[in-house]
Amino acid sequence: MLPAGELECRASGKAGAVGNSGGGGALSSKFAFRLLSEDSRRPLPSKIIIGEHETETAVHVVLKALAYLFFYRDRIQVETDLHLDSVPFVPDLAQLDYTMRPALWVECGECSVAKLNKLATKLPEAEIWVVRPSRADGDQLLLAMKRAELRQGRYHVLALETEGFNEILGLLQPRNEVRWYRLQMDPPVMQFDFNGLWFELPFDILEW
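The numbering of the sequence shown is the numbering used here, which starts it at 1 and goes up by one.
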């Protein structure tokens, strides 16, 4: 198994963003994902496009795609500028409530504790999640939250299993196909085909 950094080099040439992709600077690449769902609880759209911004890597693209599958629900949006004066950030994923305020805010990859603290303060009703590519990364984030004395009970971390994530990263193409089967919590695993290969991707949910 190649390390994530080397896999990224092999996965270049990518696809773009659903909604307004204004949060991470100019797009350097775009990735298309054709989606098929065998799960009636997740009536996925037929296609999404996810952008790789100049400051991002292929790791971010795969995290956003997997997060979309995991968090899929009505009114979920990818990289959409919410035009909130009090929150000068663009979420990787968000779900808006009927008042057009975020009910769900998802960050993928690196995210500072200062940013998380501001999100929790400015969006008191929103679920705040961070998606990380490994349990070690998730534990590191929780430790940083503890050291910064962030208020507990507000943050959730989705930590993916490293080996499976790296394998998916190595399969990333400009055009991709995902057939979704199910999400189960006991044991925690996502089941899907990615570009013709079957995955049962374990994950951990960490709380702070």
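By construction, the Cβ of each residue, glycine as well, lies at the ideal position given by its N, Cα and C atoms.
Keep in mind that this is a model prediction, so the values were computed, not measured.
Collapsed DSSP secondary structure at residue i in the structure displayed
{"i": "M185", "result": "strand"}
{"i": "R154", "result": "coil"}
{"i": "N176", "result": "strand"}
{"i": "E163", "result": "helix"}
Whole-angstrom distance between residue j and residue i, CA atom to CA atom
{"i": "L93", "j": "L27", "result": "17 Å"}
{"i": "L69", "j": "V178", "result": "10 Å"}
{"i": "P174", "j": "A114", "result": "34 Å"}
{"i": "Q152", "j": "D39", "result": "34 Å"}
{"i": "A193", "j": "W180", "result": "Checking the sequence, you will find Asp at residue 193 rather than Ala. Spanning the two alpha carbons is a distance of roughly 7 Å."}
{"i": "A58", "j": "L169", "result": "7 Å"}
{"i": "I205", "j": "D85", "result": "31 Å"}
{"i": "D81", "j": "T99", "result": "16 Å"}
{"i": "S21", "j": "R41", "result": "Note that S21 scores a pLDDT of 37, beneath 50, so its modelled location is shaky; the value from the coordinates is reported in the next line. Spanning the two alpha carbons is a distance of roughly 27 Å."}
{"i": "T162", "j": "R75", "result": "29 Å"}
{"i": "L183", "j": "Y72", "result": "11 Å"}
{"i": "P202", "j": "V61", "result": "19 Å"}
Cβ distance (whole Å) where residue i is taken to contact residue j below 8 Å
{"i": "L160", "j": "R132", "result": "7 Å"}
{"i": "A122", "j": "V87", "result": "In the sequence on display, residue 122 carries Lys and not Ala. That pair is a contact at about 5 Å."}
{"i": "V189", "j": "E207", "result": "Their Cβ separation, rounded to whole angstroms, is 19 Å, which puts V189 and E207 out of contact at 8 Å."}
{"i": "E125", "j": "R101", "result": "7 Å"}
Continuous beta strand (DSSP E) assignments of at least 3 residues falling wholly in the segment 113–143:
127–132
3-residue-minimum beta strand (DSSP E) runs that sit fully inside the segment 82–117, ordered along the chain:
93–96 and 102–108
Kindly provide the ranges of any alpha helix (DSSP H) runs that are 4 or more residues long and lie completely inside the segment 15–71, ordered along the chain.
58–71
Below 8 Å, can you find three or more Cβ-Cβ pairs linking the segment 30–38 to the segment 47–58?
yes
Touch test, the segment 127–143 against the segment 95–111, Cβ-Cβ under 8 Å, three pairs minimum:
yes
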